[in-house]
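The structure appears right after this line, and notes come after that.
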Amino acid sequence: LDLPTGRRLSPGATLGVGATGRVLAVHDANLDRDVAMKVLHAEARAQPESVARFVAEARIASSLAHPNVLPIYDLDTDDAGRVFFTMQRIAGRSLGVAIQASSIAARDARIASFSQITSIFVGVAQAVAYAHHRGIVHQDIKPDNIMLGDFGEVLLVDWGCATRCRPGTTVRLYGTPLYMSPEQARRDHVDERSDIYCLGAALFHALALRCPTWSEDEAEFWRRKQSGEIDPPTADELRRIPPALIDIALKALQARPPQRYESADALLDDLRRYQAGLATIAHRDTVIESLVRFHRRHAQVLWTAVAAAAIIAVLGALLLAEQRKGVMRWGTPVVEEDFADDGWRQRWSIHQGGFDRTDSRIVSSGPDQNILVCDRRFSGATAIEYDAMILSGSDACDISLIWCRDLIRDASGNVIGMESRYECKVGAFDATYTAIRTPERNLDFADFRPISGITYRVRVEIEDDLMTLAVDGRELCRWRDPLPFGGGHIALYGHYSGKTFDNVRIFSRGVPERLSPLAIGDAYAQDALWEQAARQYRRVADDHRGRALADEAIYREGLCLLRGGQPARAHDTWRAIAGDWRVREHLVDALVTAGDHDAALTAMEDLARGASAEQRRSLAMNWAGFANGLIARGDLTALARHLDFHDRHLHGLMIADHMAAEAMLALRRYEELLVRYPQHRYACCMALQRLERHHQVVTEYPEQRWATTFSALMSGEYGAIDIRAYPRLHALGLCKNGRADEVMRLYGDDDWSA
Numbered sequence: 001l002d003l004p005t006g007r008r009l010s011p012g013a014t015l016g017v018g019a020t021g022r023v024l025a026v027h028d029a030n031l032d033r034d035v036a037m038k039v040l041h042a043e044a045r046a047q048p049e050s051v052a053r054f055v056a057e058a059r060i061a062s063s064l065a066h067p068n069v070l071p072i073y074d075l076d077t078d079d080a081g082r083v084f085f086t087m088q089r090i091a092g093r094s095l096g097v098a099i100q101a102s103s104i105a106a107r108d109a110r111i112a113s114f115s116q117i118t119s120i121f122v123g124v125a126q127a128v129a130y131a132h133h134r135g136i137v138h139q140d141i142k143p144d145n146i147m148l149g150d151f152g153e154v155l156l157v158d159w160g161c162a163t164r165c166r167p168g169t170t171v172r173l174y175g176t177p178l179y180m181s182p183e184q185a186r187r188d189h190v191d192e193r194s195d196i197y198c199l200g201a202a203l204f205h206a207l208a209l210r211c212p213t214w215s216e217d218e219a220e221f222w223r224r225k226q227s228g229e230i231d232p233p234t235a236d237e238l239r240r241i242p243p244a245l246i247d248i249a250l251k252a253l254q255a256r257p258p259q260r261y262e263s264a265d266a267l268l269d270d271l272r273r274y275q276a277g278l279a280t281i282a283h284r285d286t287v288i289e290s291l292v293r294f295h296r297r298h299a300q301v302l303w304t305a306v307a308a309a310a311i312i313a314v315l316g317a318l319l320l321a322e323q324r325k326g327v328m329r330w331g332t333p334v335v336e337e338d339f340a341d342d343g344w345r346q347r348w349s350i351h352q353g354g355f356d357r358t359d360s361r362i363v364s365s366g367p368d369q370n371i372l373v374c375d376r377r378f379s380g381a382t383a384i385e386y387d388a389m390i391l392s393g394s395d396a397c398d399i400s401l402i403w404c405r406d407l408i409r410d411a412s413g414n415v416i417g418m419e420s421r422y423e424c425k426v427g428a429f430d431a432t433y434t435a436i437r438t439p440e441r442n443l444d445f446a447d448f449r450p451i452s453g454i455t456y457r458v459r460v461e462i463e464d465d466l467m468t469l470a471v472d473g474r475e476l477c478r479w480r481d482p483l484p485f486g487g488g489h490i491a492l493y494g495h496y497s498g499k500t501f502d503n504v505r506i507f508s509r510g511v512p513e514r515l516s517p518l519a520i521g522d523a524y525a526q527d528a529l530w531e532q533a534a535r536q537y538r539r540v541a542d543d544h545r546g547r548a549l550a551d552e553a554i555y556r557e558g559l560c561l562l563r564g565g566q567p568a569r570a571h572d573t574w575r576a577i578a579g580d581w582r583v584r585e586h587l588v589d590a591l592v593t594a595g596d597h598d599a600a601l602t603a604m605e606d607l608a609r610g611a612s613a614e615q616r617r618s619l620a621m622n623w624a625g626f627a628n629g630l631i632a633r634g635d636l637t638a639l640a641r642h643l644d645f646h647d648r649h650l651h652g653l654m655i656a657d658h659m660a661a662e663a664m665l666a667l668r669r670y671e672e673l674l675v676r677y678p679q680h681r682y683a684c685c686m687a688l689q690r691l692e693r694h695h696q697v698v699t700e701y702p703e704q705r706w707a708t709t710f711s712a713l714m715s716g717e718y719g720a721i722d723i724r725a726y727p728r729l730h731a732l733g734l735c736k737n738g739r740a741d742e743v744m745r746l747y748g749d750d751d752w753s754a
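Sequential numbering of the sequence shown, starting at 1, is according to the working numbering.
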């Protein structure tokens, strides 16, 4: 390196070599101190983009004045015009080196205990949180970029991949494959939650001494990385690593950004809570863990004040509290149905399909929809839970629950329909996803796929205007309706035969003794008496002027006018609460309906800025409705603009991503769909079929029965056709293959075989 005049900087040994440059030990003669200097590789100096990123790295790092970020001293050029920057020189090594020097039997001294590892990542999380506060995403957090000083320093280095977090889609792959997030691997838009994933991957590596995702096959590695698959902790690792600490890493490693920590501050807070011996967000304590934590924090007082018997009492109290937690909120079940005998037929009605009792549980027996309705109507807040299984060997699909406001019966009392139907679908569409939906559209969406042969505990809660769906204690979907649900009926729904239901428990708190002033209007609205409901809400608004209750009444008044076919009156009513988020969403809806997409997208941009998590979900659901309408109308120009909005603001929200995949189908962006949304398997099948890659559909998507059958017909792979589900198509395939004699042998007794 030709140094500036005066030879202020005297280069020494090479400290490290990276993809674009090397770091040298340098002595600064003016200040008489040792520093580090980073210079570009010779081949990179001829590339303007590389030089620009090098300068950006120095400027970004220098803007982050934080104890856990390596300070930048100077950015300059040498006598030949070659750019370099200097920074603090740290005596120490990287976390990556410490991990490489470790084994399960003997860890490196800097990471010898889990307490030390936690302290390291508290420092890293502090640096990341500060960077995010400044609008900067690192994109390459990994053990090799975490420096451990000999005197306890923890520094996040190498900001060469960092970018300022602006709306838009990342078009170049940055980061290190072993640690990068799924969205980075797919070259999707990244944000702060991408850094949280990288941080979780580095933490996992430090804890388990292995990377979270690996495959010897490169193509398989990238498939797993893009879909967010990890190799879960082994039984031995779970025994060695503190449960709360590994759960912190696993929460950060969730495939979907919304399921990770919402911010680096939240991750940092969980790490600090673990350090302090407190409960963490990521880990749900067992009763024993709660007791141990209580004892650790209060041992001196406890053992001074009470004898060992008190511990037993505390343990008993904790156990009792655990059991009573649900009872305190919901009371005892008003319905307990175990299907122990045929008496269930007096309490339940088969609406569609069929059900049989086998081994003290009911099993769906119809070829497609099987719906079993509880005859009792439930008022007020209601919770329903049940055990469900897809029997091994049966076709995977719904083990779901339906809620409806009313049943439609014929003159004989048979159920022939449902009014205001909401479906809590576990394993929808051949067990490819889970959702809360109406017959018209999805309201919330989760990438949960039930597996055959496993019993799941499903719980649905309906309280006021909120509906939630949980499986095995984990909430998957939630939907907040514009109006309270009120009372209604529930039904068990199994699609195809071989879906079992058992241990049904229904809790109902009934109508409260003290009603809200809005209750009368709500009752009218639930019966679709929109004009009467609007008048009642107006009375409440007039009686409670200046209070939050009045604003809510005004919103509901306008909503009833809108649903009653009076949009002009509705929007005029809403002028009094024009800043209300929900009103602004309705305005967007009106603009989209009118075809004013410029104004609609501008209004949606305003809504997206500063939206809460629940508001983003609502915006995503509405966006999905807009996109679906544009697809139906064939307005591809507007659809492309709305898809761009999704990529900048809604990516990672399952309900929006699901419709984004459909939009890409409509826009014929098939290859992009396959890379960005491999988890949306039905859309991927459609893309592959339009690319005429039918063999890939047959071999890689066997659970997509209809798509596989169609592709099998197109590719001549007739043996892949599901004989039970599509006998006629199977027969057609045999005929196309010149095997008509087999058709007669297999289907000769059927009327259509000739």
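A virtual CB, placed ideally from N, CA and C, is assigned to each residue, including glycine.
Note that this is a predicted model, so its numbers are computed, not measured.
{"query": "At least three beta-carbon pairs within less than 8 Å, the region 532-542 to the region 360-376", "result": "no"}
{"query": "Alpha carbon of residue 581 to alpha carbon of residue 271, nearest angstrom", "result": "34 Å"}
{"query": "Minimum length 4: unbroken alpha helix (DSSP H) runs contained in the region 565-616", "result": "567-573, 581-593 and 597-608"}
{"query": "8 Å contact criterion, which residue 431 and residue 476 should meet: CB distance rounded", "result": "Contact flag wrong, Cβ pair sits at about 14 Å."}
{"query": "Given 8 Å, three or more beta-carbon pairs between the region 337-356 and the region 453-473", "result": "no"}
{"query": "Cβ neighbours of residue 18 in the same chain (closer than 8 Å, five flanking residues each side left out)", "result": "158 and 160"}
{"query": "Proximity below 7 Å, CB of residue 488 to CB of residue 405", "result": "yes"}
{"query": "Delimiting residues of the alpha helix (DSSP H) encompassing residue 28", "result": "Counting along the chain, residue 28 falls outside any alpha helix (DSSP H), though it belongs to the beta strand (DSSP E) covering 21-28."}
{"query": "Endpoints, the beta strand (DSSP E) within which residue 685 is located", "result": "Per DSSP, residue 685 belongs to no beta strand (DSSP E); it is in the alpha helix (DSSP H), 681-690."}
{"query": "Cβ-based burial, residue 123 [other Cβ within 10 Å; buried from 16]", "result": "buried"}
{"query": "Segments assigned beta strand (DSSP E), at least 3 residues, entirely inside the region 391-465", "result": "399-409, 415-427, 433-437, 442-446 and 456-463"}
{"query": "Residue 38, enclosing beta strand (DSSP E) - first and last residue", "result": "33-40"}
{"query": "Boundaries (first-last residue) of the alpha helix (DSSP H) holding residue 366", "result": "Note, residue 366: premise wrong, no alpha helix (DSSP H); not H, not E."}
{"query": "Residue 154 beta carbon less than 7 Å from that of residue 120", "result": "yes"}
{"query": "Neighbourhood of residue 409 by C-beta distance below 7 Å, restricted to the same chain and skipping five residues each side", "result": "415 and 416"}
{"query": "Three CB pairs or more closer than 8 Å across the region 58-73 and the region 139-156", "result": "yes"}
{"query": "Cβ contact (3+ pairs, closer than 8 Å) linking the region 585-592 and the region 223-241", "result": "no"}
{"query": "Integer Cβ distance of residue 758 from residue 506, believed to fall under 8 Å", "result": "In the structure as shown, the chain starts at 1 and stops at 754, and residue 758 therefore has no counterpart that could be examined."}
{"query": "Of the residues 207, 208, 209 and 224, the one placed nearest residue 215, counting alpha carbons only", "result": "224"}
{"query": "Exposure of residue 295, with buried meaning 16 or more beta-carbon neighbours within 10 Å", "result": "Its pLDDT being 49, under 50, residue 295 is placed unreliably in this model, and the coordinates cannot settle the point."}
{"query": "Three-state secondary structure (DSSP) of residue 560", "result": "helix"}
{"query": "Pick from 656, 660 and 622 that is closest to residue 640, judged by C-alpha positions", "result": "660"}
{"query": "Sequence ranges, alpha helix (DSSP H) only - wholly within the region 107-177, length at least 4", "result": "114-133"}
{"query": "C-beta contact flag for residue 58 and residue 85 at 7 Å", "result": "yes"}
{"query": "For residue 522 and residue 492, believed in contact at Cβ under 8 Å, the rounded distance", "result": "So it is not a contact: roughly 27 Å between Cβ atoms."}
{"query": "For residue 641, the residue or residues it bridges with in DSSP", "result": "According to DSSP, residue 641 bridges with nothing at all."}
{"query": "Same chain, Cβ closer than 6 Å to residue 685, five either side skipped, listed in chain order", "result": "697, 701, 704 and 707"}
{"query": "Pair within 7 Å by beta-carbon distance, residue 131 and residue 268", "result": "no"}
{"query": "Opening and closing residue of the beta strand (DSSP E) in which residue 180 lies", "result": "Note, residue 180: premise wrong, no beta strand (DSSP E); not H, not E."}
{"query": "Straight-line Cα distance separating residue 396 from residue 111", "result": "46 Å"}
{"query": "Integer-rounded CB distance, given that residue 183 should sit under 8 Å from residue 264", "result": "Actually they do not touch by this definition, with Cβ atoms about 16 Å apart."}
{"query": "Residue 687 to residue 140 span [Cα, whole Å]", "result": "32 Å"}
{"query": "Residue span of the beta strand (DSSP E) that contains residue 476, given as start and end", "result": "474-480"}
{"query": "For residue 379, the nearest candidate out of 64, 486 and 411 (CA to CA)", "result": "486"}
{"query": "Other residues of its chain near residue 327: CB distance less than 7 Å, five sequence neighbours each side excluded", "result": "Unreliable placement is indicated for residue 327, whose pLDDT of 44 sits below 50; the coordinate value is still reported in the next sentence. Here the set comprises nothing."}
{"query": "Residue of 222, 569 and 573 minimising C-alpha distance to residue 550", "result": "573"}
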